[in-house]
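1117 is the number that this note's numbering gives to position 363 of the sequence shown; each next residue is one higher, with no gaps. Below is one structure, written out as structure tokens; the observations come after it.
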Amino acid sequence: MHTRTLLSSELWVPLASVIAGLGAFGFIAISSRSLGLDDYVPIGQLWSIWALAFAVVSFTSQQTVVRGHVIRREVPRSFVTGDELLPLVLLSIPLAVVVFVWNEQIFRSGSYWWPFLAMAMPFGTLLSGTTRGLWAASGRLAGLSFVIAGENVIRVLGAAVLAATGAPAPWFAAAIVAGFAIGFFRPSSSSGTRRWPSPPAEPGLAAATAATSLMAHASQVGAPVLLALHGADAREVSALFAVLAIYRAPYQLALGLVPRIAAMQVLAFAEGQQLRQAVRLRGLAGLALVAMLGGFGAAILGELVVSPLFGAAGILSDIDHLLGAVLVILGIGNLGLTVLRVATGRGLPLLVRRGTAALVGVVLLAAISHDITTVLLALVVMEGSASLTLSLGADNEWQASPTT
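Next comes the structure, spelled out in structure tokens:
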């Protein structure tokens, strides 16, 4: 009976992640259909910035909270710590420069409402990310599941109301911001018996995790922004965003599972359970195979199903759909490798390996023409390079981890 109860409770988190993914799908479908591809550009760009902020700020804050509190099952009273604020600062400064200087190119609007709304994304994701980390660290999966699902449920319900009333684009942007309100649903302060020493971590782990997350997720959401900056047609920018956003659904599902997986990884390292790492790595390989099959299926059906759904038929080629699917597949694998490496507490090797792959991508993007196909190809090469660099020497680093 206990095993069955435990199993059912563990299923709440992936189920909530699926609901969150469906909520994202619903928001994008409703808002793009309501506004049309031309007027949808600022919403698509804002959603991309939210997704980037989620991966950088929320991912890092979740890891920081979990590492600090999962072992002692203690929920801190403080709102955020310095380590949790670090990724916010690292993202907010360059983001402010980009959205205010290139406002019109990115959002196709001279209004400064859009840059200010863009700056709300990192702060909102810090709120929701630390909340997810606190629920995961406390081991209360029902609360974690509610927060994961609730954020995008709020958004899709808001989009449905706005579409029914014929609201303009800024109101849909407000619906994105409204989703962050779920971050105020936090566990009460509690404490338990400390059973193991907290896993040690190298200085700068939070900064390395934030920088790595920024590079990783930029490849997942950056293509529409790059096209916009290089003067692509508004319909091309919106169509590419909408299609890639749907293909990223498995990636967003994986991000939703990060708090729970991170808690399990840190606890395993604290107990010295190295054997589990090899088992989980093989599990990740199996998941990657499933994702690959699903990705190629998405590529085949993309132009037949996904593009018409968003009014984007005929804008992306079959090779664009294929490259978009492969990009997400590689991203999922690299996310798993990143979580495992963060659990070891070693930040510098993670940053160097991911940075090497990012350098490959930057060189390619600087050398190519900026149409949809070549931009996607460059990003796929960058993610493939990251898969290679993150995999090399992984077994040796896990065995030598400071957490053991």
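In this text, a Cβ means the ideal position worked out from N, Cα and C, and glycines have one as well. A quick note: this is a predicted structure, and the numbers were derived from the prediction, not measured.
Starting from residue i and walking both ways along the alpha helix (DSSP H), at which residues does that stretch end?
i: Asp-792; result: 791-807
i: Arg-862; result: Counting along the chain, Arg-862 falls outside any alpha helix (DSSP H), and DSSP gives it neither H nor E.
i: Trp-925; result: 923-932
i: Arg-909; result: 895-919
i: Arg-940; result: Where Arg-940 is concerned, there is no enclosing alpha helix (DSSP H), given that its DSSP letter is neither H nor E.
i: Ala-999; result: 988-1001
Would you check if the distance between the CB atom of residue i and the CB atom of residue j is smaller than 7 Å?
i: Ile-1086; j: Ala-1008; result: yes
i: Ala-927; j: Leu-800; result: yes
i: Ser-865; j: Val-767; result: no
i: Ala-993; j: Gln-859; result: no
i: Asn-1088; j: Ala-1132; result: no
i: Arg-894; j: Pro-841; result: no
i: Ala-1121; j: Thr-1143; result: no
i: Ser-1160; j: Gly-897; result: As displayed, the chain neither begins before 755 nor continues past 1158, which places residue 1160 out of reach and without an answer.
i: Val-910; j: Thr-885; result: no
i: Gly-1078; j: Tyr-1001; result: yes
i: Pro-876; j: Phe-854; result: no
i: Val-810; j: Leu-968; result: yes
i: Thr-966; j: Leu-1105; result: yes
i: Ala-999; j: Ile-782; result: yes
i: Gln-817; j: Val-991; result: no
Cβ-heavy atom distance between residue i and the ligand ADP below 6 Å?
i: Ala-890; result: Here there are no bound small molecules, and the ligand ADP is not part of this structure.
Out of the options, state which residue places its alpha-carbon closest to the alpha-carbon of residue i.
i: Ile-784; options: Ile-1069, Ala-874 and Gly-912; result: Gly-912
i: Ala-929; options: Leu-916, Phe-938, Ala-770 and Ala-1132; result: Leu-916
i: Trp-1164; options: Ser-1139, Phe-995 and Arg-1095; result: Outside the modelled stretch of the chain, which goes from 755 to 1158, sits residue 1164, for which no answer is possible.
i: Leu-839; options: Val-819, Phe-854, Trp-856 and Val-852; result: Val-819
i: Val-1135; options: Ser-1123, Leu-1113, His-1124 and Asp-1125; result: Leu-1113
i: Arg-787; options: Ala-914, Pro-841 and Thr-814; result: Ala-914
i: Ile-1069; options: Val-772, Ala-874, Thr-1127 and Ser-815; result: Thr-1127
i: Glu-1137; options: Thr-1092, Leu-1102 and Trp-867; result: Thr-1092
i: Leu-1084; options: Val-1129, Ala-970, Val-772 and Ser-1123; result: Ala-970
i: Asp-1125; options: Gly-790, Ala-770, Trp-856 and Ala-988; result: Ala-988
i: Ala-1169; options: Phe-939, Leu-1094 and Ala-807; result: Look at the range of the chain in this structure, 755 to 1158, and you will see that residue 1169 is not part of it.
i: Ala-935; options: Val-1080, Val-979 and Ala-874; result: Ala-874
i: Leu-980; options: Gly-933, Gly-790, Phe-861 and Val-843; result: Phe-861
i: Ser-771; options: Ser-892, Val-1116, Ala-1003 and Glu-990; result: Ala-1003
i: Val-1080; options: Leu-1130, Arg-1107, Ser-1145 and Val-1096; result: Leu-1130
i: Phe-939; options: Val-931, Trp-889, Gly-985 and Ala-962; result: Trp-889
i: Ser-812; options: His-984, Gly-937 and Ser-1145; result: Gly-937
i: Ala-986; options: Leu-1094, Gly-920, Ala-932 and Ser-1123; result: Ser-1123
i: Leu-1094; options: Val-991, Val-997 and Ser-1145; result: Ser-1145
i: Leu-789; options: Val-852, Thr-919 and Trp-856; result: Thr-919
i: Val-997; options: Leu-791, Ala-891 and Ser-892; result: Leu-791
Quiz item: Is there contact between the stretch 878-890 and the stretch 911-927, where contact requires at least three CB pairs shorter than 8 Å?
Solution: Too few Cβ pairs lie closer than 8 Å, so no.
Quiz item: Counting pairs of beta carbons, one from the stretch 793-809 and one from the stretch 1070-1077, are three or more of them closer than 8 Å?
Solution: The count of Cβ pairs closer than 8 Å, one atom from the stretch 793-809 and one from the stretch 1070-1077, stays below three, leaving the stretches out of contact.
Self-check item: Inter-stretch contact (C-beta, 8 Å, three-pair minimum) for the stretch 841-860 and the stretch 902-913
Solution: No: the two stretches stay apart, fewer than three of their Cβ pairs being nearer than 8 Å.
Quiz prompt | Given 8 Å, three or more beta-carbon pairs between the stretch 965-985 and the stretch 775-788 | solution = The stretch 965-985 is not in contact with the stretch 775-788.
Quiz item: Which full runs of the alpha helix (DSSP H) of 4+ residues lie inside the stretch 1098-1139, going along the chain?
Solution: Listed in chain order, the complete alpha helix (DSSP H) runs (minimum 4 residues) inside the stretch 1098-1139 are 1102-1121.
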